[in-house]
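Visitor:
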Ligand code: DAT
Ligand code: MG
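Residue numbers (UniProt numbering): 1 to 135.
1) Do residue 15 and residue 71 come within 7 Å of each other at the CB atom, strictly closer than that value?
2) Output yes if chain D places a C-beta closer than 7 Å to the C-beta of residue 34; else output no.
3) Only counting the same chain, and skipping five residues up and downstream in sequence, which positions put a Cβ closer than 8 Å to that of residue 48?
4) Taking only runs that begin and end inside the UniProt domain "Nucleoside diphosphate kinase-like" (3-135), name each unbroken alpha helix (DSSP H) of 4 or more residues, in chain order.
5) Mark residue 118 as exposed unless 16 or more other C-beta atoms lie within 10 angstroms of its C-beta, in which case mark it buried.
6) Between the alpha carbons of residue 5 and residue 133, how many angstroms are there, rounded?
7) Which residues in the same chain have their Cβ closer than 8 Å to the Cβ of residue 107, if we skip the five residues on either side of it in sequence?
8) For residue 122, which of 23, 31, 84 and 91 has the nearest alpha-carbon?
9) By how many angstroms is the C-alpha of residue 34 removed from the C-alpha of residue 80?
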């Protein structure tokens, strides 16, 4: 395994619920390094681009509306195998499967409002870091 970077984002529900500190703390304690971070409101264009893979899904409109509904906390994290390990720390997309101890398993009960986004592959990490941080 190699040192990687990934894109993580506390979604509007997580910012609203004041979970940014807890989430940053979890990744720092695991040993990952915060490289970039900003509180921002996502434009409709950026939301549609970020979630382009879901454009044909029935929930796409709701997803774009939700992710643009308030500030998000966008981050770049670095470390050994951080792409796969951060996905494990987030927990499953389906709330019925997100284990206690994971971020979603501790804080979310619905698939739509699930607190955190994380890149799911090297390609999506590079794409999403570029979209949000321009590199
Ligand atoms: P993840 O965020 O775990 O990578 P995903 O990429 O499949 O999951 O979906 C992106 C987001 O879209 C997800 O975090 C919440 C929303 N979503 C996914 N499936 C959904 C569904 N069946 N109904 C409503 N929203 C959904
Ligand atoms: Mg995804």
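Ideal Cβ positions, reconstructed from N, Cα and C, are used throughout, including at glycine.
Guide: On the basis of the data shown:
1) Along the chain shown, one-based indexing puts residue 71 at 71. Along the chain shown, one-based indexing puts residue 15 at 15. A contact, by the Cβ cut-off of 7 Å.
2) Given the protein chain composition of this structure (a single chain), no chain D is represented.
3) The residue given as residue 48 occupies position 48 in the chain shown. Around residue 48: 55 and 64.
4) 12-16, 20-30, 44-50, 60-67, 82-90, 103-107 and 122-133
5) Translated into the one-based positions of the chain shown, residue 118 becomes position 118. The residue is buried, with at least 16 neighbouring Cβ atoms inside 10 Å.
6) Reading the chain shown from its first residue, position 5 is the one you call residue 5. Reading the chain shown from its first residue, position 133 is the one you call residue 133. Computed Cα separation, rounded: 12 Å.
7) Within the chain shown, residue 107 is the residue found at index 107, counting from 1. Apart from sequence neighbours up to five positions away, the residues of its chain that approach residue 107 with a beta-carbon distance below 8 Å are 14, 17, 19 and 115, ordered along the chain.
8) Working through the chain shown from its first residue, we reach residue 122 at position 122. For residue 122, the nearest C-alpha among the options comes from 84.
9) Taking the first residue of the chain shown as position 1, residue 80 is located at position 80. Taking the first residue of the chain shown as position 1, residue 34 is located at position 34. A direct Cα-to-Cα measurement between residue 80 and residue 34 gives close to 13 Å.
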